[in-house]
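J.: Numbering (this note's numbering), first residue to last: 30 to 743.
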Amino acid sequence: MIQINSQLSASRKALQSELLPANSIKHLLICLAVAASVAAASADHRPLLPKPQQVRYESGTLPVHGLLIRFAAPPTAEDRFAAEQLAARLSASGQTQIPIRKTKSSGPAILLSRTGDGAALPGDKETTGPDSRESYSLEVTPKGAEIRASTSAGLFYGIQTLLQMVEGSGRQAVLPTATIRDWPALAYRGFMMDFSHGQLLRVSEIERQVDLLARFKANQYYFYSEASIEFEGYELVNPDARYTRDEVRHVIEYAKQRHIDVVPCMELYGHMHDLFRVEKFADLGLPRYGDEFDPRNPRMLAALSNWVAQTAKLFPSPWYHVGFDEPWSLGKIGVEPGKDPFKTFIEVLRRVAGEAQRHGKRLMFWADINAGASTLSNHPELVRELPGGVIAVPWIYEARTNYDSYVQPLAQAGVPTVVAPGIWNWNEIFPDYHRSFININGLTAAGKKFKTLGILNTGWTDSAQTIYRQSLPGLALGAAAGWQSEPVDSNTFFADYAAQMYPAAVAAEVAPALEELSTVEEMFEKLLQNTTQHAFWGDPLEPSRLARLEKNQAELRKARLLAESAQERLNRAQRLAPGDPTLNSPLLAARLFDYLGMKCLYAVEWAGYFRELKTNPDPKLVTLYIGIQMNAQDHGMLADLREAISGLKEPYRHAWLEEATPYRLPSALLRWDAEWSYWQAVQQGVVNQVLHGWSKGEPFPSITVIRPKQQTRE
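1) With three or more C-beta pairs closer than 8 Å as the rule, is the segment 201 to 219 touching the segment 227 to 234?
2) Does GLY183 pass the burial test, meaning 16 or more other C-beta atoms within 10 Å, or should it be called exposed?
3) Is the Cβ-Cβ distance between LEU150 and LYS285 less than 8 Å?
4) So ALA382 and PRO409 are supposed to be a Cβ contact under 8 Å. How far apart are they, rounded?
5) Would you call the segment 609 to 616 in contact with the segment 497 to 504, where contact means no fewer than 3 C-beta pairs closer than 8 Å?
6) Going by beta-carbon coordinates alone, are PHE622 and PHE553 separated by less than 8 Å?
7) How is ALA402 classed by DSSP in three states: helix, strand or coil?
8) By the three-class DSSP mapping on this structure, what secondary structure does ASP108 have?
9) Taking DSSP's pairing of strands, which residues face TYR272 in a bridge?
10) Return the CA-CA distance between GLU427 and GLY95, expressed in angstroms with no decimal places.
11) Which word fits ILE732, buried or exposed, when buried means at least 16 other C-beta atoms lie within 10 angstroms of its C-beta?
12) Taking TRP348 as part of the beta strand (DSSP E), name the residues at either end of that continuous run.
13) Taking the continuous beta strand (DSSP E) assigned at PHE252, which residues delimit it?
14) So what does DSSP say about VAL203, is it helix, strand or coil?
15) Looking at the structure shown, is SER166 part of a helix, part of a strand, or coil, going by DSSP?
16) To the nearest angstrom, report how far apart ALA69 and SER492 are at their CA atoms.
17) Does chain B have any CB closer than 8 Å to the CB of ASN326?
18) Taking its Cβ as the centre, do 16 or more other Cβ atoms sit within 10 Å of ILE362, making it buried, or is it exposed?
19) If I'm right that THR349 touches LYS390 with Cβ under 8 Å, what's the distance once you round it to whole angstroms?
20) Rounded to the nearest angstrom, what separates GLU727 and LYS643 at their Cα positions?
21) Can the beta-carbon of GLN562 be found closer than 8 Å to that of ASN456?
22) Hey, which unbroken runs of the alpha helix (DSSP H) at 4 residues or more fall wholly within the segment 577 to 641?
23) Is SER71 helix, strand or coil when you go by DSSP?
24) Applying the criterion that 16 or more other CB atoms from any shown protein chain within 10 Å of the CB defines a buried residue, is THR144 buried or exposed?
25) Would you mind working out which of ARG671, LEU575, GLN494 sits nearest GLY637, comparing C-alpha positions?
26) So PHE220 and LEU192 are in contact, right, with Cβ under 8 Å, and what is the actual spacing, rounded?
27) Quick one: give me the first and last residue of the alpha helix (DSSP H) that ASN468 is part of.
28) Go through its chain and collect everything with a Cβ distance to LEU215's Cβ below 8 Å, but skip five positions before and after it.
29) To the nearest angstrom, how far is the alpha carbon of GLU550 from that of ASN520?
30) Would you kindly report the start and end of the unbroken beta strand (DSSP E) that includes ASN486?
31) Sort out for me which residues DSSP pairs PRO92 with in a bridge.
32) Sort out for me which residues DSSP pairs THR446 with in a bridge.
33) Only counting the same chain, and skipping five residues up and downstream in sequence, which positions put a Cβ closer than 8 Å to that of TYR86?
34) Going along the chain, which residues of its own chain have a beta-carbon closer than 6 Å to the beta-carbon of LEU630, five neighbours each way excluded?
35) Could you round the C-beta distance between ILE127 and LEU91 to whole angstroms and report it? I think they count as a contact, below 8 Å.
36) For TYR429, which option in ALA421, PRO450, LEU439, SER334 has the closest C-alpha, if you only look at C-alpha atoms?
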């Protein structure tokens, strides 16, 4: 508490001294609330995420030390797995050994009572409510605890809640006495991982994601693949960037143990450039070497049937997401005279749906046409032609005040839906969680309003540079939004999440750091009028950009100070938990933001030098500003920038390889080399055009003379 209070005091002093931006006072207050929430949680009951439907706490506690786990009936393999997870995590929190007994034993125990034989995984027609397959009840008394559910899935979710309830640590760890009844608000709660636009995650990292999703009660993992799965007959397609069938089977089995169904999420109309760039299949594309199937090519239907068959054989899930989003060429080229291109789209969808149904699958597709600019909600005449039973997936990732228009028309037409918000992280240094809170909560609420089947939280990697481990809180956010009835509280989410993921002292550092990084991300997006990943490589000496930087230099300083504050917090967190694999990536983001702020502010400073020297070209000032401040080989500003960018390259490479294979890494690293070369070129301009090119008595040049020519870096 003393440490947290000192952090609050320091933050208030920062506000009083105007170190933080006026337009982010709201976020500072949230940051203070985050730290206060963590502190309060240690004195009260730990926050539960997602929030159970019914919770009642009583006075008293059940010590963790001395507990054992036993079954009320002979356990299944799923029951034993859940009990082993419970024992392992309770043993770690209580620094004691928690045994598992198959028969009645003396002493305080956690009784696992499974009363039925329901399916371990979600089926085709799941329901919600107190008596649904995933519901559970949990009771803790000073004498013991019981988790009761009709299925192994419900038992598993009850265990996740019980583990979140543990208070204290070591021999002082206890469970508060409580009664909980809980069930999901949405029957299907999924996360989709993009394995095609960016890096290829290692199987071990997919396991990490699945583990986290299971902790927060998700039950689907969508395996997004454009051409990143090994298929027979397509050996030339992405040989260095795909998963083997055995690896996919391993992921499916790993997820199944945690009651998560792995759903294939393919692209069977657009987004197929990886296939069409191979000459053997180039004629299937529209245009040749393009991005989507040419519906006029008779070989297309055979290829689609083959992919559906191979996918259906590999994935046992009853659902099959076939993509069909963003057909860029639709209606522009390859149009048959007199034929509505949208009807062609529906015809292909009906053909693929028939193939999927022949393999016992229920088809899902993205509910947009015409490259995302036109949704099915705007085309009621097409909605009526959809194949029976197909699930439409309306998606939108922007922050809006109302999302009803994306779901209501489909619901009114009787088309089942699964809503798809997103973690706003593509093309960003760090996820824009403030935007993601609005989007995930808002679209999920609209879905619940119009009886959606579930949520498909999306994770994209479009920039091919994203370090995806920074998005783990977003996975938890989507899972919680789908389970609990009310929206996830964005003011306390980071504190609630950190409290479940880290020891209390670490959580007290991580939660405010996540809020600070989210604020910095939002500030830089606004200040630089670009996504931060693209702005990171931007040229700060480009005249219009430099003018904007000068106008906003005060806000830039405040953003950089927030990034440095996040660095300090995460450095402390790493010292407290040196082996935690989830702390490296947000720390890297803080350092990247610090560099982005540095390069922008240094450019502003230089512009000031050149303006002053234009009116007062005193050689002594030229030596001070240009020769020493900018150009000095030791501690000069240009040396700072070269050292900073080269010093960040290795941590970035390390963060990438922690979670992904080397695929696309060499290409990403070349950008770091290009940035270093840019500053070297600026320094050459300083030397050649100013220090050696200007003489006393001549007009002093403008800052444009040091800008490298023919900029092609962005």
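Every residue, glycine too, gets a C-beta built ideally from N, C-alpha and C. Computed from a predicted model, the values in this text were never measured in an experiment.
T.: Put simply:
1) As far as the Cβ criterion goes, the segment 227 to 234 does not touch the segment 201 to 219, which means the pair count is below three.
2) In the sequence shown, residue 183 corresponds to position 154, counting from 1. It counts as buried.
3) In the sequence shown, the residue the question calls residue 150 occupies position 121. In the sequence shown, the residue the question calls residue 285 occupies position 256. Taking 8 Å as the Cβ cut-off, LEU150 and LYS285 qualify as a contacting pair.
4) Within the sequence shown, numbered from 1, the residue matching residue 382 stands at position 353. Within the sequence shown, numbered from 1, the residue matching residue 409 stands at position 380. Rounded, the Cβ-Cβ distance is 19 Å, inconsistent with contact.
5) Touching, per the Cβ criterion.
6) Indexing the sequence shown from 1 puts residue 622 at position 593. Indexing the sequence shown from 1 puts residue 553 at position 524. Against a cut-off of 8 Å, the Cβ pair of PHE553 and PHE622 comes out as a contact.
7) For the purposes of this step, residue 402 is taken as the residue at position 373 of the sequence shown. Confidence at ALA402 is low in this model, with a pLDDT of 47, below 50, so its placement is unreliable and no value can be given for it.
8) Stepping through the sequence shown from its first residue, residue 108 is reached at position 79. In this structure, ASP108 counts as helix in the three-state DSSP scheme.
9) Within the sequence shown, numbered from 1, the residue matching residue 272 stands at position 243. DSSP lists ILE258 as the beta-bridge partner residues of TYR272.
10) Taking the sequence shown and counting its residues from 1, one reaches residue 427 at position 398. Taking the sequence shown and counting its residues from 1, one reaches residue 95 at position 66. Taking the straight line joining both Cα atoms gives about 50 Å.
11) Here residue 732 corresponds to residue number 703 of the sequence shown, with the count starting at 1. Buried, because 16 or more other Cβ atoms sit within 10 Å of the Cβ of ILE732.
12) Numbered from its first residue, the sequence shown carries residue 348 at position 319. For TRP348, the enclosing beta strand (DSSP E) starts and ends at 348 to 350.
13) To locate residue 252, count along the sequence shown from 1; it is residue 223. Where PHE252 is concerned, the enclosing beta strand (DSSP E) stretches over 249 to 253.
14) Taking the first residue of the sequence shown as position 1, residue 203 is located at position 174. If DSSP states are grouped into helix, strand and coil, VAL203 belongs with the strands.
15) For the purposes of this step, residue 166 is identified with residue 137 of the sequence shown, where counting begins at 1. When secondary structure is reduced to three states using DSSP, SER166 falls in the strand class.
16) The count along the sequence shown starts at 1 and reaches residue 69 at position 40. The count along the sequence shown starts at 1 and reaches residue 492 at position 463. Any reading at ALA69 must be qualified, since the residue scores a pLDDT of 44, below 50, and its modelled position is unreliable; the value itself is stated next. Distance between the alpha carbons of ALA69 and SER492 is about 39 Å.
17) Of the chains in the structure shown, none is chain B; there is only one protein chain.
18) Translated into positions along the sequence shown, residue 362 becomes position 333. Flag for ILE362 reads exposed.
19) Looking up residue 349 in the sequence shown gives position 320. Looking up residue 390 in the sequence shown gives position 361. The identity of residue 349 in the sequence shown is Tyr, whereas the question assumes Thr. Cβ atoms of TYR349 and LYS390 come within 8 Å of each other, at about 4 Å.
20) Stepping through the sequence shown from its first residue, residue 727 is reached at position 698. Stepping through the sequence shown from its first residue, residue 643 is reached at position 614. In a straight line, the C-alpha of GLU727 is about 10 Å away from that of LYS643.
21) Translated into the one-based positions of the sequence shown, residue 562 becomes position 533. Translated into the one-based positions of the sequence shown, residue 456 becomes position 427. Closer than 8 Å, so yes.
22) Along the length of the segment 577 to 641, whole alpha helix (DSSP H) runs at least 4 residues long occupy 582 to 605, reported in chain order.
23) For the purposes of this step, residue 71 is taken as the residue at position 42 of the sequence shown. Its pLDDT being 39, under 50, SER71 is placed unreliably in this model, and the coordinates cannot settle the point.
24) Stepping through the sequence shown from its first residue, residue 144 is reached at position 115. Answer is exposed; the Cβ neighbour count stays below 16.
25) Indexing the sequence shown from 1 puts residue 637 at position 608. Among ARG671, LEU575, GLN494, the Cα nearest to that of GLY637 is on LEU575.
26) Taking the first residue of the sequence shown as 1, we reach residue 220 at position 191. Taking the first residue of the sequence shown as 1, we reach residue 192 at position 163. At roughly 20 Å, the Cβ-Cβ gap does not stay under 8 Å, so PHE220 and LEU192 are not in contact.
27) Residue numbering aside, residue 468 sits at position 439 when the sequence shown is read from its first letter. Annotation: the continuous alpha helix (DSSP H) that includes ASN468 extends over 462 to 478.
28) Taking the first residue of the sequence shown as position 1, residue 215 is located at position 186. Within the same chain, LEU215 has close Cβ partners THR157, THR473, GLY476, LYS477, THR481, LEU482, GLY483, ILE484, GLY511, TRP512.
29) Walking along the sequence shown from the start, residue 550 turns up at place 521. Walking along the sequence shown from the start, residue 520 turns up at place 491. Approximately 17 Å, taken between the alpha carbons.
30) Translated into positions along the sequence shown, residue 486 becomes position 457. It spans 483 to 488 - the beta strand (DSSP E) in which ASN486 sits, taken as one unbroken run.
31) Taking the sequence shown and counting its residues from 1, the one referred to as residue 92 is at position 63. According to DSSP, which records beta bridges pairwise, PRO92 is partnered with VAL203.
32) For this step, residue 446 is matched to residue 417 along the sequence shown. In the DSSP output, where bridge partners are listed per residue, THR446 has ALA421.
33) As a working mapping, residue 86 is identified with position 57 in the sequence shown. Answer for TYR86: HIS74, PRO205, THR206, ALA207, listed in chain order.
34) Residue 630 sits at position 601 when you count from the first residue of the sequence shown. Within the same chain, LEU630 has close Cβ partners LEU585.
35) Mapped onto the sequence shown, residue 127 falls at position 98. Mapped onto the sequence shown, residue 91 falls at position 62. The Cβ separation is near 13 Å, so there is no contact.
36) Locating residue 429 in the sequence shown gives position 400, where the first residue counts as 1. The question names Tyr, yet the displayed sequence has Arg at residue 429. Of the listed residues, the one whose Cα sits closest to ARG429 is PRO450.
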